[in-house]
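Yeah, the sequence shown ends on 225 if you go by my numbering, and it's all consecutive. Don't be surprised by glycine CBs; every beta carbon is placed ideally from N, CA and C. Here the structure is a predicted model, which is why all the values come from computation and not from measurement. Working notes, beginning with the structure itself.
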Amino acid sequence: MLTDQGIWLSTETPPRREGRPGLFLDRDGVLVREVNYLKNKEDVVLEAGAAGIVRWARARDFGVAAITNQSGIARGIVSWAAFEAVEAEIARQLAAAGAALDLVVACPFHPDFTPGYGPAEAAWRKPGPRMIEEAARRMDLDLAASWLIGDKASDIEAAKRAGLKGAVIVATGYGAQEREATLAFRDNTFEVIAADSLTEAQSALDEAF
Ligand SMILES: [Mg+2]
17 MLTDQGIWLS TETPPRREGR PGLFLDRDGV LVREVNYLKN KEDVVLEAGA
67 AGIVRWARAR DFGVAAITNQ SGIARGIVSW AAFEAVEAEI ARQLAAAGAA
117 LDLVVACPFH PDFTPGYGPA EAAWRKPGPR MIEEAARRMD LDLAASWLIG
167 DKASDIEAAK RAGLKGAVIV ATGYGAQERE ATLAFRDNTF EVIAADSLTE
217 AQSALDEAF
C-alpha cells in the first residue's frame with residue numbers, strides 16, 4: 017500500500033522483533049534476476065540462494081525486509097499495478113520454497129522524473145537511508161546489529177548511512193561492476209564483504225552477525 021509519503025509498503029504492520037537484528041535485501045539483482053524495469057511477473061526469477069537466505073534469517077528470528085528503488089514508476093515505465101503483480105509473484109515463489117519476507121519497502125522517486133523532488137524524496141531513495149530506517153522502526157530492529165545485501169554502491173551507501181553493522185556486495189545483478197566502488201565504504205565502523213552469490217553471502221553472514 018502507498019503511504020502518505022508516497023512510498024510503498026507490503027504491509028503497515030510487519031512482525032515486530034523487539035531489538036533483534038535485521039537483514040535488508042535489495043530486490044533487483046539480489047533477490048531476483050536483474051531485468052531492466054521489471055514489470056512482467058513472467059520475468060520474475062529468484063536468484064540462487066534467495067529463498068535459502070530468507071529462511072536462514074527467519075530461523076534466527078531476524079527481521080527480513082526487501083528495500084528497493086523503483087524509479088520505473090516515476091519514469092512511467094512500470095505501473096503500480098504491474099509492480100504489485102511482480103511483488104505477488106516474488107512472494108509466491110518464495111513461499112513455494114518455504115520463505116517469506118516480513119516487509120517490502122519500495123521508493124518510486126527519481127530526481128529527473130518526480131515533480132518537486134527534494135530532500136525528503138532523496139532521503140527515501142537509496143543511497144538515502146530512510147527506507148531502511150522506516151523498516152527498522154516498524155519492526156523494532158537494532159540497526160547497529162543489522163546487515164544489508166546489495167548489488168550496487170547505492171545499496172551499500174544507504175546501509176552505511178542507516179548505521180548498519182555492514183553490508184555484503186554480491187556479484188549478481190550489477191554487483192561485479194560495482195564491487196570496487198562498494199568496498200570504498202568500508203571503514204572501522206562499517207564492514208563490507210564481497211561475495212559471489214547469496215549462498216556465499218549467507219556463509220559469510222553466519223559468522224559476521
Ligand atoms: Mg539492485
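Own chain, CB closer than 7 Å to Ala-98, minus 5 neighbours either side, in chain order
The residue labelled residue 98 in the question sits at position 82 within the sequence shown. Residues Lys-55 of the same chain have their beta carbon placed closer than 7 Å to that of Ala-98, with the five preceding and five following residues left out of the count.
Should Asp-77 and Arg-36 be called a contact, given that it needs their Cβ atoms to be closer than 9 Å?
Locating residue 77 in the sequence shown gives position 61, counting from the first residue. Locating residue 36 in the sequence shown gives position 20, counting from the first residue. In this structure, Asp-77 places its C-beta atom within 9 Å of the C-beta atom of Arg-36.
Secondary structure of Leu-199, DSSP reduced to three states
The residue given as residue 199 occupies position 183 in the sequence shown. In this structure, DSSP gives Leu-199 a helical state, which the three-state scheme calls helix.
Just the C-alpha distance for Arg-177 and Lys-57, rounded to the nearest angstrom, thanks.
Taking the sequence shown and counting its residues from 1, one reaches residue 177 at position 161. Taking the sequence shown and counting its residues from 1, one reaches residue 57 at position 41. Per the coordinates, the alpha-carbon of Arg-177 lies some 32 Å from the alpha-carbon of Lys-57.
Return the CA-CA distance between Met-155 and Arg-146, expressed in angstroms with no decimal places.
Here residue 155 refers to the residue found at position 139 when the sequence shown is read from its first residue. Here residue 146 refers to the residue found at position 130 when the sequence shown is read from its first residue. Their Cα atoms are separated by approximately 14 Å.
Would you give the residue range spanned by the beta strand (DSSP E) that Val-80 belongs to?
By one-based count along the sequence shown, residue 80 stands at place 64. Val-80: member of the beta strand (DSSP E) spanning 79-85, first to last residue.
If we cut at 9 Å on Cβ distances, does Val-80 have a partner in chain B?
Of the protein chains in this structure there is only one, and it is not chain B.
If we count the other Cβ atoms within 10 Å of its Cβ and call it buried at 16 or more, is Ala-115 buried or exposed?
Here residue 115 corresponds to residue number 99 of the sequence shown, with the count starting at 1. Classification of Ala-115: buried, given that the 10 Å Cβ count is 16 or more.
So if I measure from each beta-carbon to every heavy atom of ligand 1 and keep distances below 7 Å, which residues remain?
Going down the chain, each residue whose beta-carbon is closer than 7 Å to a heavy atom of ligand 1 shows up: Asp-42, Arg-43, Asp-44, Gly-45, Val-46, Glu-50, Gly-166, Asp-167, Lys-168, Asp-171, Gly-189 and Tyr-190.
Measure from the alpha carbon of Leu-221 to the alpha carbon of each residue in Val-61, Ile-69, Tyr-53 and Met-17, then state which is nearest.
What you label residue 221 is simply residue 205 of the sequence shown in a count that begins at 1. Nearest neighbour of Leu-221 by Cα position, chosen from Val-61, Ile-69, Tyr-53 and Met-17, turns out to be Ile-69.
Terminal residues of the continuous beta strand (DSSP E) containing Ile-148?
Here residue 148 is taken as the residue at index 132 of the sequence shown, counted from 1. Boundaries for Ile-148: no beta strand (DSSP E) harbours it, while the alpha helix (DSSP H) harbouring it runs 146-155, taken from the DSSP string.
Between Gly-65 and Ser-213, is the Cβ-Cβ spacing less than 9 Å?
Residue 65 sits at position 49 when you count from the first residue of the sequence shown. Residue 213 sits at position 197 when you count from the first residue of the sequence shown. Their beta carbons are under 9 Å apart, which means Gly-65 touches Ser-213 by this criterion.
Using a 10 Å radius around the Cβ and a threshold of 16 neighbouring Cβ atoms, would you call Ala-248 buried or exposed?
Residue 248 cannot be examined here, being either before or after the span of the chain that is shown, 17 to 225.
Using alpha carbons as the reference points, say which of Leu-62, Ala-81, Ala-104 and Pro-127 lies closest to Ile-89.
Mapped onto the sequence shown, residue 89 falls at position 73. Of Leu-62, Ala-81, Ala-104 and Pro-127, the smallest CA-CA separation from Ile-89 is found for Pro-127.
Of all the alpha helix (DSSP H) runs that stay within the bounds of the region 58-128, which reach a length of 4 or more residues?
Assignment of alpha helix (DSSP H) within the region 58-128, counting only whole runs of 4 or more residues, yields 66-75, 87-90 and 96-112 in chain order.
Asn-85 burial status per 10 Å Cβ neighbour count (16 or more: buried):
As a first step, residue 85 is located in the sequence shown; it is residue number 69 there, counting from the start. Asn-85 is buried by the Cβ-count criterion.
Take the Cβ of Glu-137 as the centre, count every other Cβ of all protein chains shown within 10 Å, and call the residue buried at 16 or more, exposed below.
Here residue 137 corresponds to residue number 121 of the sequence shown, with the count starting at 1. With 16 or more Cβ atoms within 10 Å of its Cβ, Glu-137 is classed as buried.
Would you kindly report the start and end of the unbroken alpha helix (DSSP H) that includes Leu-214?
As a first step, residue 214 is located in the sequence shown; it is residue number 198 there, counting from the start. The continuous alpha helix (DSSP H) containing Leu-214 extends over residues 214-224.
Which residues does DSSP list as the beta-bridge partners of Gly-182?
Within the sequence shown, numbered from 1, the residue matching residue 182 stands at position 166. The beta-bridge partner set that DSSP reports for Gly-182 consists of Trp-163 and Glu-207.
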